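Counting from 1, position 843 in the sequence shown corresponds to residue 843 in UniProt numbering; the numbering is continuous, with no gaps.
What follows is one structure encoded as structure tokens, with my remarks underneath.
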Amino acid sequence: MTRRAAASLNKSLTGFLAHEDPEKLLSLFAAKVRQCRGLGSVDFACALRECRGSVKHWPLVPVIHAKAITCGLGEDRIAGNLLIDLYAKKGLVQRARRVFEQLSARDNVSWVAMLSGYARNGLGEEAVGLYHQMHCSGVVPTPYVLSSVLSACTKAALFEQGRLVHAQVYKQGSCSETVVGNALIALYLRFGSLSLAERVFSEMPYCDRVTFNTLISQRAQCGNGESALEIFEEMRLSGWTPDCVTIASLLAACASIGDLNKGKQLHSYLLKAGMSPDYIIEGSLLDLYVKCGVIVEALEIFKSGDRTNVVLWNLMLVAYGQISDLAKSFDLFCQMVAAGVRPNEFTYPCLLRTCTYAGEINLGEQIHLLSIKTGFESDMYVSGVLIDMYSKYGWLDKARRILEVLEAKDVVSWTSMIAGYVQHEFCKEALETFKDMQLFGIWPDNIGLASAISACAGMKAMRQGQQIHSRVYVSGYSADVSIWNALVNLYARCGRSKEAFSLFEAIEHKDKITWNGMVSGFAQSGLYEEALEVFIKMYQAGVKYNVFTFVSSISASANLADIKQGKQIHATVIKTGCTSETEVANALISLYGKCGSIEDAKMQFFEMSERNHVSWNTIITSCSQHGWGLEALDLFDQMKQEGLKPNDVTFIGVLAACSHVGLVEEGLGYFKSMSSEHGIHPRPDHYACVVDILGRAGQLDRARKFVEEMPVSANAMVWRTLLSACRVHKNIEIGELAAKYLLELEPHDSASYVLLSNAYAVTGKWACRDHVRKMMKDRGVRKEPGRSWIEVKNVVHAFFVGDRLHPLAHQIYKYLADLDDRLAKIGYIQGNYFLFHEKEKEQKDPTAFVHSEKLAVAFGLMSLPPSMPLRVIKNLRVCNDCHTWMKFTSEVMGREIVLRDVYRFHHFNNGNCSCGDFW
């Protein structure tokens, strides 16, 4: 073939490439080739170069390749390099590799084309392997080869291999090459090594627009907008004008820091510079106005933009989602569908998040069905948001099913499931899922670790928590505040105050979550005084309280029965305007109820503008514990009238109210209504309440029959309740039966032995009583001593039975003796000797039998003003004698005495008790 014929072919080919019909184009090209003979590598290279321009010309490439092979040019380097590049760009990497392997001689262009092909298609390991082969072949890599292999390492997350290539760059002296420097910066930024990236940048003798754009883009993606703007200023000083990529990254930087003014300046620059906004810039502009909450301007940009760009539609859905405007979100979605724009994997998550924010879980379920119909049910991003939505609203089974069927589970999907379990206190399931995630090969992120630590805190699983704590350092999240907050809460909730305070002090920038984690953690672990200590320190540090702080601190005060501290916190609640918060009001009801101020509890309840189940349950339980059983039942009726369905906790309070006021048949009726009317399956606690109702009323045979006919096995609480009733009513036969089962269930519980011992004592069976005491001793069971507390002048004083350790013990016993004389004159007869044999009474000092609550009351009468009620707490049930003594004391001294024992409150006033002598 003559050179003229070849030139004619190339000229014709250029003309054919403008043709619109690929099939006709192929036939024309084949006919033209048949006319020519002796085509050379340059001719085929020219033809292949002409095919680079458009996708529709791609079918010509295999034809030209086949013709080159038939012409004996299959191993030709010039045409081969072009074929490698074309095949790789089309994603046909294996075909490109075959061409590469068949080359008779390879130059740097060949290596670059193949390396770039691997990098472009995400085959980083293959690119590194090929680079190693090149190095072993003795070929000196050019800067473009080094740039290609570094890009492959970046895309395939091969950080260590990238660092090795960097070392070879140093040895070869290619550090000054801009294209290599840019690739190194991208590598280190990809793996979060900001210091190394900045070092490479500072050592580069010449930076181009790509260098600056890479740095600006990375800063924007990491939310470091201010740093991105600083680099932009450096870029301008270096003489580089921004392009569309620069502007898009800068707009993202402004969006990340909420700098609307700077963003508007960039918008103006775009218009003045005459840059035609492409789809990236349009998206960045809209993203800026959306994140800055300027919905009106955002809508204007959306309307003026490319309405076929699904990204713009998604951003507007995000905008309406931010303001929880579900109606406009769905209206926009309908417009999108009507405009023929197909939703993508980001569209449905925008709608689902809006449903989550608005609490419209049923509507979210419909969106879920729509995503299935449009083929996105297996999309990882859509599934992750669905798991998050269902988990947040307690639909955990549905969330779990989505996770199980999802093939490509990512860290977000797993973490959403774990967080959902923790939120709804399924801590065991959360830790099991955390373990499954790691077995699946997914390394937890900071949110996953924090959630797992919170699950350990919920279960008080200190050992597992410590294991995860050690993982935190290995994972590189040792500086993450959310994890530190979770760790502080873990150690606090597990009662490890020393470690909790150590971690707390180590946190440089403490936020409200840090402080609240300490307060709530200590409150939940029973370290109430430590919780209040942190609460006071929080005030001293100038940190503002929020709802969570108040709830935890009020609960700590309630459990300490520290009404003075509780009232001070209540005053702070009023000052901060949090009295309308339902959770805070519920905590205050509980505070006053547990501290014996039932009137204050009722006042707090009736002042609430909005009440939930916790509000009603708390006030019903408080009234029943204070002996206001009938009022508790009235409140129960009001609750139902207001449309609130009672739950299992409600019925604990209702049954307890019936028990405390002796309403036997009414209590049994309420118990039956649980399953028949309200669909609630009784728990062991409810059965124990029924046994208590029957036992207090002396119907012990009926109580025993009820226990024997229970559909579930009676637990220790049920048998203990029955045994306690037997002691009161001196029924040793049933008492022995109850004790037999009770000691089998809890052989090391001292209360069980004491109850049985006292039951024998009240019936005069001293030998049996002594046998029980010997059994306790042989088994190493130690009785919990009776103890009472009273606060006088901000100091809590504790007393034991027959206590002589108090500094004022002598004065207390003298005051008590005088008081007993006064009580005897109006009919009081001491009756606590019945638990002791005659010989024991003779051998012991009479003061050794004085119970702790009598000592506490005597000390209170000596120390507190006459107008102040005496508030005493006891760790055991008050005995008959002390109960009688309190009634006489309240009458003789004209004082109100509030006694809180382990079961309930007793309000003694004018010789009467709120329990009506029925406790």
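We treat Cβ as the ideally placed atom computed from N, Cα and C, and that holds for glycine.
Bear in mind that the values here come from a model prediction, so they are computed numbers and not experimental data.
Residue closest to residue i, alpha-carbon to alpha-carbon, out of the options
i: S914; options: A657, R704, H748; result: A657
i: V792; options: S752, L864, T721; result: L864
i: L363; options: F346, S329, E345; result: S329
i: T514; options: K537, V762, K373; result: K537
i: G735; options: C768, E499, V382; result: C768
i: M893; options: A255, E607, C244, R822; result: R822
i: I826; options: S788, K774, K887, P807; result: K887
i: A220; options: V781, C244, S249; result: S249
i: F800; options: G698, G476, E784, K814; result: E784
i: V145; options: V109, D306, Q133; result: V109
i: D388; options: V411, A697, V179; result: V411
i: A910; options: V902, W885, H65; result: Note on residue identity: the sequence assigns Asn, not Ala, to residue 910. Closest option to N910, Cα to Cα, is W885.
i: R720; options: S750, P711, M518, L663; result: S750
Residue environment, residue i, which counts as buried when at least 16 other CB atoms sit within 10 Å
i: T154; result: buried
i: H681; result: exposed
i: E177; result: buried
i: residue 932; result: Absent from the model: residue 932. The displayed extent of the chain is 1 to 919, so no value can be given.
i: W443; result: exposed
i: T308; result: exposed
i: P343; result: buried
i: V661; result: buried
i: M674; result: buried
i: residue 955; result: For the chain, the structure presents residues 1 to 919; residue 955 sits outside this window and is missing.
i: G542; result: exposed
i: Y473; result: exposed
i: D397; result: exposed
i: I574; result: exposed
Cα-Cα separation, residue i to residue j
i: T214; j: L187; result: 10 Å
i: L743; j: L700; result: 20 Å
i: R353; j: L369; result: 15 Å
i: S378; j: E404; result: 11 Å
i: V772; j: P747; result: 12 Å
i: S454; j: S520; result: 12 Å
i: I231; j: L288; result: 19 Å
i: Y833; j: R493; result: With a pLDDT of only 47 at Y833, under the threshold of 50, the placement of this residue in the model should not be trusted, and no figure is reported.
i: E666; j: I693; result: 10 Å
i: R160; j: G420; result: One point to set straight first is that residue 160 is Glu, not Arg, in the sequence displayed. In a straight line, the C-alpha of E160 is about 36 Å away from that of G420.
i: S597; j: T356; result: 41 Å
i: E505; j: P349; result: 40 Å
i: L164; j: R98; result: 28 Å
i: E610; j: N516; result: 25 Å
i: L351; j: K303; result: 20 Å
i: T211; j: R199; result: 13 Å
i: S624; j: Q565; result: 25 Å
Simplified DSSP state of residue i, which is helix, strand or coil
i: C71; result: coil
i: G408; result: A small correction: the amino acid at residue 408 is Ala; Gly does not occupy that position in the sequence shown. Of the three classes helix, strand and coil, the one that applies to A408 here is coil, per DSSP.
i: E345; result: coil
i: R704; result: helix
i: F908; result: strand
i: I826; result: coil
i: F376; result: coil
i: S788; result: strand
i: Q843; result: Confidence is the limiting factor: at Q843 the pLDDT is only 45, short of 50, which leaves the residue's position unreliable, though a coordinate-based value still follows. Three-state DSSP puts Q843 in a helix.
i: R120; result: helix
i: G98; result: The identity of residue 98 in the sequence shown is Arg, whereas the question assumes Gly. Helix at R98.
i: A798; result: strand
i: I323; result: coil
i: L899; result: strand
Residue i at chain D interface by Cβ criterion, 8 Å
i: L737; result: Judged by its chain identifiers, the structure shown contains no chain D, having just a single protein chain.
The ligand FAD heavy atom lying under 7 Å from the CB of residue i
i: V61; result: As for the ligand FAD, it is missing from this structure, which has no ligand bound.
*Any contact of the stretch 446-457 with the stretch 400-415, i.e. 3+ C-beta pairs under 8 Å?*
Yes, the stretch 446-457 touches the stretch 400-415.
_Touch test, the stretch 579-594 against the stretch 872-881, Cβ-Cβ under 8 Å, three pairs minimum_ = Taking 8 Å as the limit for Cβ pairs, the verdict is that the stretch 872-881 does not touch the stretch 579-594.
*Take every Cβ of the stretch 571-587, pair it with every Cβ of the stretch 608-624, and state whether three or more of those distances are shorter than 8 Å.*
Yes: at least three Cβ pairs fall under 8 Å.
*Count the CB pairs spanning the stretch 657-669 and the stretch 619-633 that are closer than 8 Å, and state whether there are at least three.*
The stretch 657-669 is in contact with the stretch 619-633.
*Looking at C-beta atoms only, is the number of pairs between the stretch 469-488 and the stretch 536-554 that lie closer than 8 Å three or more?*
Taking 8 Å as the limit for Cβ pairs, the verdict is that the stretch 536-554 does not touch the stretch 469-488.
_I want to know whether the stretch 116-127 touches the stretch 146-153 - three or more CB-CB distances under 8 Å._
Inter-segment contact for the stretch 116-127 and the stretch 146-153 is present: three or more beta-carbon pairs are separated by less than 8 Å.
*Contact the stretch 329-339 vs the stretch 284-300: 3+ CB pairs below 8 Å*: Put simply, the stretch 329-339 does not touch the stretch 284-300. Fewer than three CB pairs are less than 8 Å apart.
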